[in-house]
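Take a look at the structure set out below.
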């Protein structure tokens, strides 16, 4: 399973062991908590030191403290702040816009990716779809931007399309592999018990593929957040992705940093939700 | 045995063919051979012919690799023959069916289903309403000694317990023949003996026709009415033996004189 995670996403996901419950990162990191947290803390300290000593150009990279203050103002807002400051208490609406798009795009990707993946992996006649998908998969979401705008215009639909596309690939690949990996012995057991085509698909192939599908869901939700920045870049005027570009154009690198951290945290939380869901759904070991 | 008298010889030459109701039931294997083609083709089975009467417990005994699993797969409908055919309950075998339910060596339980759900999988897959099979499911759970474990998942069960679920899962289909593919081969000696005892008890209750394969001589003698000894490369039947031990049997028989006599007879036969 770790092979699948690495190959389909190009980066390494923290591998979740089923043994220590749905939130192993919290438990297993206990012992290494100090070591694990030390590195980012060290980097932030070095960064602050560089800023304080004016070794870092404040216009290009504000100090961590400045970023944190701006972030706080962005979330909570400050009475009497400059009226032209669009980052005064507007964090929540932006985050919600992006969250809504991620949820919708991810849902579309699941609704298409899971059934198509299962059909591709289980039925020879559907496997002809696979080469097309694999040819399109390496095309980055960025490259789809002109196509998306041409098709949907500068609208929410355009952003949704890109987000759904990003999430679709890991989901369809894992669903098809999960279906392909159905144990032949279980298929024989179901056959001799009188299961015909539909029963075999819904009562054997799908449950058997669920662990692999959930790997795809985790990767898919991560890809959805990655796509948010590109998706909101041109297509819409709201959301964290839009804020990233807007703040950059305005020279507000402090907001850019805060925005990146926000996306990271929201992506991390989405992943935790999928992991929690997996623990609720999958109570068995193969 | 009354059941054996149900088996009648095929019509003699010149006679009119048998009417449908006169054809014998049970398992009839006629001239079955199996060849795996390739650069060096392998003759797994050569001209196997034998019959199993209704309610008879037959064991095919042979060393590993002699083709007995292949024979069972053909009876189950998982594999096709290269020659010859199998008729079970007057029906030609071409595909798997609940009327020839299988107990596998590796229990092959569905890991996401509980004991109860595994056992009732077959009837549910056929769309049967719960009321029909609930009583039989409870009876079978009782018979294999798994009362109280209905809500357990397979990962919480020992090897022997999983096999008990496998047996119940097959028997709930009321098969014409129960096919058992070395079901106790993966268990330790102690558990194996316990399982043999359970199988004897269950057989006494349900008197199912059983086609059992194993390499364990003691197991074959303890459980069966008839033993077919098979030798390898190519797989063929070399001897047929009747086991005249009285039923109902118990596992204590394995130290009896008669048991030892049969053991010696088989030993000699298997050496050649």
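Protein chains in written order, with this note's numbering: chain C, 1 to 286; chain F, 1001 to 1272. Virtual Cβ for every residue (Gly too), placed ideally from N, Cα, C.
Could one say the Cβ of residue 306(C) lies closer than 8 Å to chain F's Cβ atoms, at least one of them?
-> With chain C running from 1 to 286 in the structure shown, residue 306(C) is simply not present.
Counting contacts by CB-CB distance shorter than 8 Å, is residue 1129(F) in contact with chain C?
-> Taking the first residue of the second chain as position 1, residue 1129(F) is located at position 129. No, its Cβ sits nowhere closer than 8 Å to a Cβ of chain C.
Under 8 Å between C-beta atoms of residue 1213(F) and residue 1182(F) = In the second chain, residue 1213(F) corresponds to position 213, counting from 1. In the second chain, residue 1182(F) corresponds to position 182, counting from 1. In contact: residue 1213(F) and residue 1182(F) (Cβ atoms closer than 8 Å).
What are the residues that DSSP puts in a beta bridge with residue 1240(F)?
-> To locate residue 1240(F), count along the second chain from 1; it is residue 240. 1228(F), per the DSSP bridge assignment.
If you draw a straight line from the alpha carbon of residue 285(C) to that of residue 1073(F), how long is it in whole angstroms?
-> Position 285 of the first chain, counting from 1, holds the residue named residue 285(C). Position 73 of the second chain, counting from 1, holds the residue named residue 1073(F). So the two alpha carbons sit approximately 28 Å from each other.
Is the CB of residue 1143(F) under 8 Å away from at least one CB in chain C?
-> The residue you call residue 1143(F) lines up with position 143 of the second chain. Taking Cβ atoms only, chain C never reaches closer than 8 Å to residue 1143(F), which makes this a no.
Which word fits residue 248(C), buried or exposed, when buried means at least 16 other C-beta atoms lie within 10 angstroms of its C-beta?
-> Along the first chain, one-based indexing puts residue 248(C) at 248. With fewer than 16 other Cβ atoms from the protein chains shown falling within 10 Å of its own Cβ, residue 248(C) counts as exposed.
Give the range of the beta strand (DSSP E) segment to which residue 1212(F) is assigned.
-> Counted from its first residue, the second chain places residue 1212(F) at position 212. 1209-1214 is the span of the beta strand (DSSP E), which, as asked, contains residue 1212(F).
Could you tell me if residue 141(C) is buried or exposed, where buried requires 16 or more neighbouring beta carbons within 10 angstroms of its beta carbon?
-> Stepping through the first chain from its first residue, residue 141(C) is reached at position 141. When all chains shown are included, residue 141(C) counts as buried.
Straight-line Cα distance separating residue 135(C) from residue 1166(F) = Within the second chain, residue 1166(F) is the residue found at index 166, counting from 1. Within the first chain, residue 135(C) is the residue found at index 135, counting from 1. In a straight line, the C-alpha of residue 1166(F) is about 44 Å away from that of residue 135(C).
Hey, residue 174(C) and residue 117(C): beta-carbon distance below 8 Å or not?
-> The residue you call residue 174(C) lines up with position 174 of the first chain. The residue you call residue 117(C) lines up with position 117 of the first chain. Cβ distance < 8 Å, so residue 174(C) and residue 117(C) count as in contact.
Can you tell me which of the three DSSP states residue 1061(F) falls into?
-> The residue you call residue 1061(F) lines up with position 61 of the second chain. Three-state DSSP puts residue 1061(F) in a strand.
May I ask you to list the residues that DSSP assigns as paired with residue 1086(F)?
-> For the purposes of this step, residue 1086(F) is taken as the residue at position 86 of the second chain. Bridge partners of residue 1086(F): 1029(F).
Put residue 236(C) into one of helix, strand or coil per three-state DSSP.
-> In the first chain, the residue the question calls residue 236(C) occupies position 236. Assignment of residue 236(C) by DSSP, reduced to helix, strand and coil, places it in the coil class.
Roughly how many angstroms lie between the CA atoms of residue 1178(F) and residue 228(C), to the nearest whole one?
-> Here residue 1178(F) corresponds to residue number 178 of the second chain, with the count starting at 1. Here residue 228(C) corresponds to residue number 228 of the first chain, with the count starting at 1. Annotation: residue 1178(F) to residue 228(C) spans about 58 Å, alpha carbon to alpha carbon.
Reference residue 1044(F), options 1063(F), 1062(F), 1070(F), closest by Cα = To locate residue 1044(F), count along the second chain from 1; it is residue 44. Per the Cα distances, 1070(F).
Could you give the uninterrupted runs of the beta strand (DSSP E) lying entirely in the region 1071-1134 of chain F, keeping only those of 3 residues or more?
-> 1083-1088
Under the DSSP definition of a beta bridge, which residues are partnered with residue 1181(F)?
-> For the purposes of this step, residue 1181(F) is taken as residue 181 along the second chain, with counting starting at 1. Partner(s): 1213(F).
When the Cα atoms are used, what is the spatial distance from residue 1154(F) to residue 1162(F)?
-> Translated into positions along the second chain, residue 1154(F) becomes position 154. Translated into positions along the second chain, residue 1162(F) becomes position 162. Their Cα atoms are separated by approximately 7 Å.
Short CB-CB distance (under 8 Å) between residue 270(C) and chain F | To locate residue 270(C), count along the first chain from 1; it is residue 270. For residue 270(C), the answer is no, since every Cβ of chain F falls outside 8 Å of its Cβ.
When you compare only the Cα positions, how much space is there between residue 277(C) and residue 105(C)?
-> Residue 277(C) sits at position 277 when you count from the first residue of the first chain. Residue 105(C) sits at position 105 when you count from the first residue of the first chain. Between residue 277(C) and residue 105(C), the C-alpha separation is close to 18 Å.
Roughly how many angstroms separate the alpha carbons of residue 127(C) and residue 119(C), rounded to a whole number?
-> As a position in the first chain, residue 127(C) is number 127, starting the count at 1. As a position in the first chain, residue 119(C) is number 119, starting the count at 1. When rounded, the distance between both Cα atoms is 8 Å.
Using beta-carbon positions only, say whether residue 1180(F) and residue 1093(F) come within less than 8 Å of one another.
-> Looking up residue 1180(F) in the second chain gives position 180. Looking up residue 1093(F) in the second chain gives position 93. Their beta carbons are not under 8 Å apart, which means residue 1180(F) does not touch residue 1093(F) by this criterion.
For residue 97(C), which of helix, strand or coil comes out of DSSP?
-> As a first step, residue 97(C) must be located in the first chain, where it is residue number 97. Helix.
Helix, strand or coil: which one does DSSP assign to residue 1052(F)?
-> Position 52 of the second chain, counting from 1, holds the residue named residue 1052(F). The answer is strand: DSSP assigns residue 1052(F) an E or B state.
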